[in-house]
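Residue numbers (this note's numbering), protein chains in the order written: chain A, -9 to 329; chain B, -9 to 329.
Since the structure comes first, as structure tokens, the remarks are kept for the end.
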């Protein structure tokens, strides 16, 4: 089986690649090749795996070459993030909409000659949901809540959901769109996403650094760990079309928490000195974007695929700490006094 | 006031142009220029009006030139129709998606230098609604029914609704998307739309010709006359943003009828000999597309703008007959024995 992961060097993409390579199979077939397309080269451990091939560069420029390749499966995760799409409209349209269209055209060109179209999992986002004067945001967003995106990022994700659905209806691909909730705790550095602080307020204090909290602690938000997110993407890939249930996008499982609960969990797991490194400093731009995001999400279709959210935010923090102990102990510099 | 109507030589576009020119004002401002962009030249009566300018050619190729023009208002009606988009996927993507994006970019380029962005009414379609295994189609589709398009045409219209909304949010345009229901009775010849027969079964018998009914008489469908459709587009243009209510698309008013009711109305207005010219001959392709369309639509937001559907299908037939008496009496050849 030949698999393409766009955004394959990112947090979710690299973790997905590791999971797939460790399993050695996907949908019952042996994994022969995993192509990681990304603007950045893959992490060393992935690059060292003989089954991995890296394609480094902007996705839009890679799609011509991708026309010549046959893939049995694609995880399309590459995306410009919410914050940068708000700051640079053209960047978002190019990176999220044009690139997805070019990828879909590459897959279509190839699938015309194949017995079965490639299976494609598209990582959409709960940023498709938002409050509109004509459509108030419900307290909990379900799979079939009417999307009304309040950012260009959310608009582009929603448009791609519908492209995936129509390419699937036409038989060009076998596509499934899954809406990711905010993935936390992300390792590494802050990125341009407006949601970046949802990781920063845990990651930075654990590393002994100050973290800015740009929103009110009462803000509620749906989150998921990197591992649960990857498990969700794989389950969506492996589901039969009947089990996936239609061509509309589904919500991946979410742990719905407030920022206050996240901070309390940090204190419970890592102690008050770590917790005290989170400094409230309101950022109107970030707060404005986040205010238009769903406060809670439920994934009934994902649950029918056997997917569940984490039980608590403590579990999510512990997963991050375990990850760091294995691969990046320096990211826990701030934790040493406590454990 | 300078107005652009794309699809301005079509049934709805030309009628809209006539209505605007007859009023002489729009949104309280004097109409100075009406540019009709269309693949076909405008009808003679419009071409003869000194305020009218024709731009003939594919919209996609006109957008560079449109960048140099300042418009206060745009009615974007140009579109490839449902049937041809199903037969030729690339045509639909180019005519409906790429052209709309190019038009929006042209308006954005110009609006950057203007005090207020141009007001834009986009003609979407109730073809955005459809049944999906995960999202059954409700008995009546409301403004906030979750769209799940079952055609490429519906998908492209839905995508454009969201582009219009995001360009509006960003301040590039002041856009409003209005979902047209099936416009009937359309004068002229059948077109490539799967809905073409909804006009044909009235128009052809009145002209003394046989008309094929490709679906079951029990099929229910939302329709509107050309005149009510034009009135709806103008009202949406003239509404304040608050009255329009948000950035999501609204449904224009619909008269929800069955084909049987349409045939009964034809008999009531034009007599049994005219009615007898409708010949049932099922077309699986057409019937399959229509089966995935909404059976009824309600437009609560349009009603708040003062818009109402026709009271009966008889009224719609009478409007068509009156139109023909004025401008195309030969289209009523089949009626002479009865009236």
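Every residue, glycine too, gets a C-beta built ideally from N, C-alpha and C.
Check this for me: beta carbons of residue i and residue j, under 8 Å apart or not?
i	j	result
residue 223 of chain B	residue 297 of chain B	no
residue 111 of chain B	residue 226 of chain B	yes
residue 92 of chain B	residue 53 of chain B	yes
residue -5 of chain A	residue 65 of chain A	yes
residue 302 of chain A	residue 255 of chain A	yes
residue 127 of chain A	residue 284 of chain A	yes
residue 201 of chain A	residue 259 of chain A	no
residue 208 of chain B	residue 248 of chain B	yes
residue 204 of chain B	residue 273 of chain B	yes
residue -9 of chain A	residue 21 of chain A	yes
residue 300 of chain A	residue 218 of chain A	yes
residue 212 of chain B	residue 173 of chain B	no
residue 282 of chain B	residue 120 of chain B	yes
residue 220 of chain B	residue 2 of chain B	yes
residue 264 of chain B	residue 190 of chain B	no
residue 231 of chain A	residue 164 of chain A	yes
residue 183 of chain B	residue 278 of chain B	no
Figure out for me which residue from the options has the closest Cα to the Cα of residue i.
i	options	result
residue 177 of chain A	A/9, A/-5, A/316 and A/25	A/316
residue -2 of chain B	B/174, B/15 and B/33	B/33
residue 39 of chain A	A/24, A/51 and A/31	A/24
residue 321 of chain B	B/113, B/144, B/196 and B/154	B/196
residue 50 of chain A	A/86, A/41 and A/319	A/86
residue 134 of chain B	A/122, A/142 and A/129	A/122
residue 63 of chain B	B/15, B/190 and B/76	B/15
residue 113 of chain A	A/166, A/77, A/126 and A/72	A/166
residue 116 of chain A	A/138, A/96, A/105 and A/101	A/138
residue 276 of chain B	B/29, B/141, B/214 and B/250	B/141
residue 214 of chain A	A/239, A/235, A/181 and A/252	A/252
residue 56 of chain A	A/192, A/90 and A/83	A/90
residue 292 of chain A	A/234, A/280 and A/264	A/234
residue 58 of chain B	B/42, B/261 and B/96	B/96
residue 75 of chain B	B/294, B/181, B/47 and B/161	B/181
residue 294 of chain B	A/263, A/278 and A/124	A/124
residue 308 of chain A	A/160, A/37 and A/261	A/261
residue 290 of chain A	A/280, A/304, A/102 and A/239	A/239
residue 154 of chain B	B/109, B/193, B/185 and B/143	B/109
residue 287 of chain B	B/161, B/310, B/245 and B/77	B/245
residue 7 of chain B	B/161, B/194, B/104 and B/67	B/67
Strictly below 9 Å CB to CB, what residues from chain B border residue i?
i	result
residue 142 of chain A	156, 159 and 160
Please decide whether residue i counts as near chain A, where near means a Cβ-Cβ distance under 8 Å.
i	result
residue 329 of chain B	Annotation note: pLDDT 47 at residue 329 of chain B (below 50); position unreliable, no value reported.
residue 145 of chain B	yes
residue 10 of chain B	no
residue 124 of chain B	yes
residue 4 of chain B	no
Counting only beta-carbon separations shorter than 8 Å, does residue i have a partner in chain B?
i	result
residue 139 of chain A	yes
residue 102 of chain A	no
residue 94 of chain A	no
residue 1 of chain A	no
residue 312 of chain A	no
residue 319 of chain A	no
What residues of chain B sit near residue i, judged by a beta carbon separation below 7 Å?
i	result
residue 79 of chain A	160
Below 8 Å on C-beta distance, what does residue i contact in chain A?
i	result
residue 148 of chain B	152
residue 235 of chain B	123 and 124
At a CB-CB cut-off below 9 Å, which residues of chain A make contact with residue i?
i	result
residue 332 of chain B	Outside the displayed span of chain B (-9 to 329) sits residue 332 of chain B, for which this structure offers no information.
Give me the chain B residues within the contact set of residue i, using Cβ-Cβ distance strictly less than 8 Å, ordered along the chain.
i	result
residue 291 of chain A	124
> If you scan the segment 266 to 307 of chain B from start to end, which runs of the beta strand (DSSP E) of 3 or more residues do you find wholly inside it?
Replying inline: Listed in chain order, they are 268 to 270.
>> Restricting to runs no shorter than 3 residues, where is the beta strand (DSSP E) found entirely within the segment 182 to 255 of chain B?
In response: Qualifying beta strand (DSSP E) stretches, in chain order: 201 to 203, 210 to 214 and 245 to 248.
>> I'd like the ranges of any beta strand (DSSP E) spanning at least 3 consecutive residues and lying wholly in the segment 98 to 177 of chain B.
In response: Here the runs fully enclosed are 109 to 115 and 164 to 170.
> Enumerated in chain order, which unbroken segments of the beta strand (DSSP E) with a length of 3 residues or greater are wholly contained in the segment 50 to 92 of chain B?
Replying inline: When DSSP assignments are scanned along the segment 50 to 92 of chain B, the uninterrupted stretches of beta strand (DSSP E) that are 3 or more residues long and fall wholly within it turn out to be 63 to 66.
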